[in-house]
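Residue numbers (mature numbering (1 follows the signal peptide of the UniProt record, and there is no 0)): 28 to 522. Notes for the one structure printed next.
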Ligand code: ABU
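The following block contains the structure:
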């Protein structure tokens, strides 16, 4: 019946409740079927098609837009096809990214958020969400170890933006005139970060007019840590003001020695940022939180609940130790939004802390998940993911056809390894073997995507040729999925 209806029959059309209800219920059925399929191990992670195939249209699924409206039935088919040709990131065998899984409470939170369809710049139009942000920030500050007098924060669209905020705030903290006078108020600046840190530190320097060449990469030592003594080496004439320490590097999951870096930052009066986009979740585990010892000494911290905590994308925060700095640095007091003479406490109009105007509400799904799990639920989720990583690590250690990229047990849930086909296994170490080995992971990945039963990422790093990076953040993943991944790599890599 729905095929005879069009968008104009939905609410707010007069007597549109029935059609709206029917349409949304049908959509819910599609979503439920998709979720069940995503969690079914015998179903595919992806049904891969090349871009030109998808553009040309598949089995009636056309991306082209017409002048005439499609009926509701067609829109439901489009929703179904969109999911069908996408990637099931909730699948227990999706190991490709740091953000995986699908939390049903988080999903419900996202639906509620979209239904409320508000903007989180003022208390006036987002009263409940603004207070929830306040509550969550206090919770995160106390988990980090900041006192009640310290701490501020803002939700941002992703870790790169959170890191951008950290550079912006550090620069403003030392050179407040930059806000009004711009680059003329600045000496030539230098930022320090490790070779394994996220590219967003360089991007921030580029975006903020400091220049990516002003970012000095500190070499990591053999355990992939930022080297303590390298940290103070920067060219004469530049003014260092900012050090980024990473708690959970993107590829290796390595955690820099935060206390050592904090000592150096204190000694030289530098801003210490901790990019804990990936590692922040470990703070919720009594077993693993000591790995981030010293994080409380950071001036700012990036933490992405959409990674290890499994909150639906996206959900990222920048936390700032110094209260009021975000507001001072970014506020422009647009009078049409932030009228000072409103009849409520306008300190709750937090939008002027942001560099955005309109902001999506990212808080509710996190708040609802925290309600549903409690901190303990997050803790067991994090522990489960690290247990899976440990399981994979020991499996790989015991196999002759796999080689770990580094021998020590991973600190986070990243496990990096090469698959060694017989031909490579029989070659002596050297450039020729490296050339052969470099081609193995991309070849296996290509076949893996064509068949679609699992997905894992690969990359080269420094002097290491292409290797697989397996990451665990999906609570649905079990040891049997880890076994399946290794079986698949072996099967697809067979010559
Ligand atoms: N922002 C880093 C995300 C990288 C990844 O998911 O692999």
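Note that beta-carbon positions come from the ideal geometry of N, C-alpha and C, so glycine has one too. Here the structure is a predicted model, which means the values were calculated and not measured.
Taking Cβ positions, are residue 419 and residue 509 nearer each other than 7 Å? yes
Going by DSSP in three states, residue 52 sits in which element: helix, strand or coil? Residue 52: helix per DSSP, three-state reduction.
Segment limits, alpha helix (DSSP H) that includes residue 306: Careful: residue 306 lies outside any alpha helix (DSSP H) and carries neither H nor E.
Residues near residue 229 in its chain [Cβ-Cβ closer than 6 Å; skip 5 each side]: 239, 242
Cβ-Cβ separation, residue 504 to residue 410 (assumed contact under 8 Å), whole Å: The pair is not a contact, with the Cβ atoms about 13 Å apart (cut-off 8 Å).
Start-to-end residues for the beta strand (DSSP E) that takes in residue 17: What the structure shows of the chain is the stretch from 28 to 522, and residue 17 is not part of that stretch, so it cannot be assessed.
Does the pairing of the stretch 428-447 with the stretch 271-279 give three or more beta-carbon distances under 8 Å? Using a C-beta cut-off of 8 Å, the stretch 428-447 makes contact with the stretch 271-279, since at least three inter-stretch Cβ pairs fall below that distance.
Every unbroken alpha helix (DSSP H) within the stretch 348-414, with a cutoff of 4 residues, ordered by chain: Those alpha helix (DSSP H) runs which fall completely within the stretch 348-414 and span 4+ residues are 352-357.
With three or more C-beta pairs closer than 8 Å as the rule, is the stretch 318-335 touching the stretch 213-220? Contact fails: fewer than three Cβ-Cβ distances are below 8 Å.
Assigned secondary structure, residue 314 (DSSP; H/G/I helix, E/B strand, else coil): coil
Residue 125: CB within 6 Å of a non-hydrogen atom of ligand 1: Answer for residue 125: yes, Cβ within range of ligand 1.
Give the secondary structure of residue 511 by DSSP, where H, G and I count as helix, E and B as strand, and everything else as coil. Residue 511 sits in a helix when the DSSP states are folded into three classes.
Residue 147: which of 364, 283, 87 sits nearest, CA to CA? 364
Which parts of the stretch 443-515 are runs of the alpha helix (DSSP H), unbroken and 4 residues or longer, counting only runs that do not cross its ends? Complete alpha helix (DSSP H) runs here, min 4: 449-452, 458-478.
Opening and closing residue of the alpha helix (DSSP H) in which residue 106 lies: 99-111
Quick one: any contact between the stretch 125-145 and the stretch 383-399, if contact means 3 or more CB pairs under 8 Å? yes
Boundaries of the beta strand (DSSP E) in which residue 269 is found, first to last residue: 266-273
May I ask you to report which of helix, strand or coil DSSP gives residue 431? strand
Where the alpha helix (DSSP H) through residue 292 begins and ends: 285-295
Alpha carbon of residue 160 to alpha carbon of residue 225, nearest angstrom: 26 Å
May I ask you to report which of helix, strand or coil DSSP gives residue 217? strand
Quick check for students: name the residue ranges of the alpha helix (DSSP H) that lie wholly in the stretch 126-186, counting only runs of 4 or more. 131-143, 154-171, all fully within the stretch 126-186.
Can you give me the Cβ contacts of residue 382 inside the same chain, cut-off strictly under 6 Å, excluding the 5 residues immediately before and after it? 357
Quick check on DSSP: helix, strand or coil for residue 262? coil
Locate the beta strand (DSSP E) running through residue 329, then write down its first and last residues. 327-330
Three-state secondary structure (DSSP) at residue 256? Here the model assigns residue 256 a pLDDT of 46, short of 50, so the residue's position is not dependable and the matter cannot be decided.
If you count every other CB in all the chains shown that lies within 10 Å of the CB of residue 35, and 16 or more means buried, which is it? exposed
What span of residues does the alpha helix (DSSP H) with residue 81 cover, start to end? 78-83
Bridge partners - residue 282, DSSP secondary structure assignment: 274
Sorry if obvious, but does the Cβ on residue 280 come closer than 6 Å to a heavy atom of ligand 1? no
Which whole-angstrom value describes the C-beta separation of residue 352 and residue 379, a residue pair presumed to lie in contact below a C-beta threshold of 8 Å? Actually they are not in contact, since the Cβ atoms of residue 352 and residue 379 sit about 13 Å apart, beyond 8 Å.
For residue 30, count neighbouring Cβ atoms within 10 angstroms of its own Cβ and tell me buried if that reaches 16, exposed if not. exposed
Which value, in whole angstroms, describes the spacing of the CA atoms of residue 496 and residue 468? 10 Å
Check residue 114 in the structure and name its three-state DSSP category. strand
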